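So the sequence shown is numbered by the UniProt record's numbering: it starts at 1 and just counts up by one. Input: a single structure, listed below in structure tokens.
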Amino acid sequence: MASDCPHRERSAYTGDGQVACVTVMHNYDAKNFYHKWIQDIIGAQIVETGYVPNGAPWQPGCGGGVAWGAAISIMPWEFYLHYGSVDILEDSYPAMKEYIRYMKTWLDDDGIMFSQRIGRDGNVLRWFNLGEWVTPGDLPPDDLVHTFYFWRCADLTAQTAKVLGKSSEANKYAELAESTRQAFYNRFYNTEKGTYGPAGANIFALKMGIPEDQYEKVVHALKEDIKANNGHLDTGIFGTQFFFEVLSENGMHDLAYEAMNKKEEPGYGRWLALGATTTWEHWDTGGSHNHPMFGGGLVWYYRKLAGMNADPAEPGYRHIIFRPQPVDDISFAKYFNNTSYGNAGIHWKQEDDEFSMEVIVPVGCCATVYVPVKRDQKILESGIEIEKSEFVRLAGDEKGYRIFEVKSGKYAFRVH
């Protein structure tokens, strides 16, 4: 049963669901659960307008905003990546398009989504216009978050259309995503300070992808924000979903680990230090102590630290991308997943100047393996010099990695 908590609201909030789904899929056999919930979300969509309620199945009183309804695009896409189901995209695609139609009614002349629903008394319904939620400090502008999610839904709808072979519609939604990205730059980038702002604003911008001439300034501003926060995150439920992965993808993996490992508030480490076995509702330890809405950030452990990723071109782990990102303080990481094709996973260890990693690729699947290597180090696979292995093909080099292609099987790499 979908619920944000078992004791207070007990509501199937779509916002909580869309941020946490990727972490749940990495931990549990959740295929049937999410298939049902996605059908419930599609069924709750208002036919006349395309609006997606903040809770599905629908119930009155569920607060939220644009990012909640975005579950109608995000959940099916994550389901497709993790389970390889094209059927879920076919079922969801019409609803994705309808939600785009709804969101477009809230665009201003500059392409910014403002979403200010008005109540019967003529005042803005605050609880139905939320952007980011429960940051440690001030919230970023609601319109920034609304516009980011408009871009994200347009982008995922374009990718879905491409998978389904609808090239003209894919191009249409890709153009919409790009025009939204440009509107986002024009409205929210502070040219004098070189930043989109604190409280996760730079995280949203980097996730979206920013112009090359902004990149160094925005990364610098983000580093300064994290430094000012003593290494802590400053994000709410939506920014936290991307915070750690965005750092690791943009040369700040050390800062991602530092923030994840903090034992003081705000951060997951604080909860663990207080004995938490579930994610909580607030960084300050208030509210519910069983809430999934901060669960999205934890996927960093699997996709970045351990380094096992699905390939959108061959989903369901038909083609696996193993790209571990070790940190000095961690001696090993292990992640395994019972994919639709069988058990797959990675287990790496490091000690002194030696690094070893084992990967398992299910029958009928293949993988690209990024092996961390320093200059002049040698690589062995199953005790054989890598150049002499008949089962491993060199695919290239990337900064800090030697890249190999492998077919199904178990492989043991050692770097020394």
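Beta carbons are placed, not taken as given, at the ideal position from N, Cα and C, and that holds for glycine. Owing to the predicted nature of the structure, the values given are computational and were not obtained by experimental measurement.
Quiz prompt | Complete runs of the alpha helix (DSSP H) confined to the stretch 131-197 [at least 4 residues] | solution = 142-163 and 167-188
Quiz prompt | C-alpha distance - residue 290 paired with residue 256, whole-angstrom precision | solution = In the sequence shown, residue 290 corresponds to position 290, counting from 1. In the sequence shown, residue 256 corresponds to position 256, counting from 1. Cα-Cα distance, rounded: 24 Å.
Self-check item: Identity of the residues DSSP links to residue 356 by a beta bridge
Solution: In the sequence shown, counting from the first residue as 1, residue 356 sits at position 356. Paired residues: 349 and 414.
Quiz item: Whole-angstrom Cβ separation of residue 71 and residue 152, contact assumed at under 8 Å?
Solution: Numbered from its first residue, the sequence shown carries residue 71 at position 71. Numbered from its first residue, the sequence shown carries residue 152 at position 152. Contact flag wrong, Cβ pair sits at about 11 Å.
Quiz prompt | Secondary structure of residue 394, DSSP reduced to three states | solution = Within the sequence shown, the letter at position 394 stands for residue 394. In the structure shown, residue 394 sits in a strand (DSSP, three-state: E or B).
Quiz item: Is the stretch 131-151 close to the stretch 183-195, with three or more CB pairs under 8 Å?
Solution: Judged by Cβ distances under 8 Å, the stretch 131-151 makes contact with the stretch 183-195, as three or more pairs qualify.
Exercise. May I ask whether a heavy atom of the ligand FAD can be found less than 6 Å away from the beta carbon of residue 145?
Key: With respect to the ligand FAD, the structure shown offers nothing to examine, as it has no ligands at all.
Practice problem: Can you tell me which of the three DSSP states residue 113 falls into? | Solution: Counting from one through the sequence shown, the residue named residue 113 turns up at place 113. The answer is strand: DSSP assigns residue 113 an E or B state.
Quiz item: If residue 203 sits next to residue 157, beta carbons under 8 Å apart, how far is it from one beta carbon to the other, in whole angstroms?
Solution: Here residue 203 refers to the residue found at position 203 of the sequence shown. Here residue 157 refers to the residue found at position 157 of the sequence shown. No, residue 203 and residue 157 are not in contact; Cβ-Cβ is about 22 Å, not under 8 Å.
Practice problem: Can you grab the Cα-Cα spacing for the pair residue 107 / residue 155, in whole Å? | Solution: Along the sequence shown, one-based indexing puts residue 107 at 107. Along the sequence shown, one-based indexing puts residue 155 at 155. Looking at the two C-alpha atoms, the distance is approximately 16 Å.
Exercise. Given a cut-off of 7 Å, decide if residue 195 and residue 161 are closer than it, judged by their beta-carbon atoms.
Key: The residue given as residue 161 occupies position 161 in the sequence shown. The residue given as residue 195 occupies position 195 in the sequence shown. Not closer than 7 Å, so no.
Exercise. Could you tell me which residues DSSP pairs with residue 381 in its beta bridges?
Key: Reading the sequence shown from its first residue, position 381 is the one you call residue 381. 384 and 413.
Quiz item: Can you tell me the Cα-Cα spacing of residue 5 and residue 319, whole angstroms?
Solution: Position 5 of the sequence shown, counted from the first residue, corresponds to residue 5. Position 319 of the sequence shown, counted from the first residue, corresponds to residue 319. Each residue's Cα considered, the two are about 35 Å apart.
Quiz item: Whole-angstrom Cβ separation of residue 86 and residue 163, contact assumed at under 8 Å?
Solution: Walking along the sequence shown from the start, residue 86 turns up at place 86. Walking along the sequence shown from the start, residue 163 turns up at place 163. Confirmed, Cβ separation roughly 6 Å.
Quiz item: DSSP state of residue 311, grouped into three classes?
Solution: Numbered from its first residue, the sequence shown carries residue 311 at position 311. Reduced to three states, the DSSP call for residue 311 is strand.
Quiz prompt | Best match in 364, 370 and 365 for proximity to residue 356 [C-alpha to C-alpha] | solution = Along the sequence shown, read from residue 1 onward, the residue named residue 356 stands at position 356. Nearest option by C-alpha distance: 370.
Quiz item: Which residues does DSSP pair with residue 319 in a beta bridge?
Solution: Taking the sequence shown and counting its residues from 1, one reaches residue 319 at position 319. DSSP, once it has assigned bridges, lists 366 as partnering residue 319.
Quiz item: What do you get for residue 458, buried or exposed, if any count of 16 or more other CB atoms within 10 angstroms of its CB means buried?
Solution: In the structure as shown, the chain begins at 1 and stops at 416. Residue 458 is therefore absent and cannot be evaluated.
Self-check item: Contact set for residue 351: own chain, Cβ-Cβ below 7 Å, skip 5 residues either direction
Solution: Taking the sequence shown and counting its residues from 1, one reaches residue 351 at position 351. Within the same chain, residue 351 has close Cβ partners 331.
Quiz item: Which value, in whole angstroms, describes the spacing of the CA atoms of residue 56 and residue 44?
Solution: Start at 1 with the first residue of the sequence shown, and residue 56 comes out as number 56. Start at 1 with the first residue of the sequence shown, and residue 44 comes out as number 44. Rounded to the nearest angstrom, the two C-alpha atoms are 6 Å apart.
Quiz item: Between residue 405 and residue 381, what straight-line distance do the alpha-carbon atoms span, to the nearest angstrom?
Solution: Sequence index remark: in the sequence shown, residue 405 carries index 405 (1-based). Sequence index remark: in the sequence shown, residue 381 carries index 381 (1-based). In a straight line, the C-alpha of residue 405 is about 13 Å away from that of residue 381.
Quiz item: Whole-angstrom Cβ separation of residue 354 and residue 347, contact assumed at under 8 Å?
Solution: Looking up residue 354 in the sequence shown gives position 354. Looking up residue 347 in the sequence shown gives position 347. Between residue 347 and residue 354 the Cβ distance is about 15 Å, and since that is not below 8 Å, they are no contact.
Quiz item: Are residue 246 and residue 207 closer than 7 Å when you measure CB to CB?
Solution: Here the question's residue 246 lines up with position 246 in the sequence shown. Here the question's residue 207 lines up with position 207 in the sequence shown. It is a contact, given that the beta carbons lie within the stated cut-off.
Practice problem: Flag this pair as touching only if the stretch 229-246 and the stretch 282-302 have three or more C-beta atom pairs under 8 Å; answer yes or no. | Solution: yes
Self-check item: Secondary structure of residue 278, DSSP reduced to three states
Solution: Against the sequence shown, residue 278 aligns to sequence position 278. Correct three-state label for residue 278: coil.
Self-check item: Secondary structure of residue 270, DSSP reduced to three states
Solution: Counted from its first residue, the sequence shown places residue 270 at position 270. Reduced to three states, the DSSP call for residue 270 is helix.
Quiz item: Nearest CA to the CA of residue 114: which residue from 29, 321, 105 and 121?
Solution: Stepping through the sequence shown from its first residue, residue 114 is reached at position 114. Among 29, 321, 105 and 121, the Cα nearest to that of residue 114 belongs to 105.
Practice problem: Mind checking which residues open and close the beta strand (DSSP E) that includes residue 338? | Solution: What you label residue 338 is simply residue 338 of the sequence shown in a count that begins at 1. For residue 338, the enclosing beta strand (DSSP E) has its first and last residue at 332-339.
Practice problem: Return the residue from the list 215, 133, 58 and 345 that minimises the CA-CA distance to residue 366. | Solution: Translated into the one-based positions of the sequence shown, residue 366 becomes position 366. Closest option to residue 366, judged by alpha-carbon separation, among 215, 133, 58 and 345: 345.
Practice problem: Take the Cβ of residue 181 as the centre, count every other Cβ of all protein chains shown within 10 Å, and call the residue buried at 16 or more, exposed below. | Solution: The count along the sequence shown starts at 1 and reaches residue 181 at position 181. The residue in question, residue 181, is buried, as its Cβ has 16 or more Cβ neighbours within 10 Å.
Self-check item: Neighbour-count burial assignment, residue 28, 16 or more Cβ in a 10 Å radius
Solution: On the sequence shown, position 28 is the one that residue 28 refers to. When all chains shown are included, residue 28 counts as exposed.
Quiz item: Nearest-angstrom Cα distance between residue 135 and residue 178?
Solution: Position 135 of the sequence shown, counted from the first residue, corresponds to residue 135. Position 178 of the sequence shown, counted from the first residue, corresponds to residue 178. Roughly 28 Å between the two C-alpha positions.
Quiz prompt | Same chain, Cβ closer than 6 Å to residue 412, five either side skipped, listed in chain order | solution = Stepping through the sequence shown from its first residue, residue 412 is reached at position 412. Once the five neighbours on either side are set aside, the close Cβ partners of residue 412 are 358 and 382.
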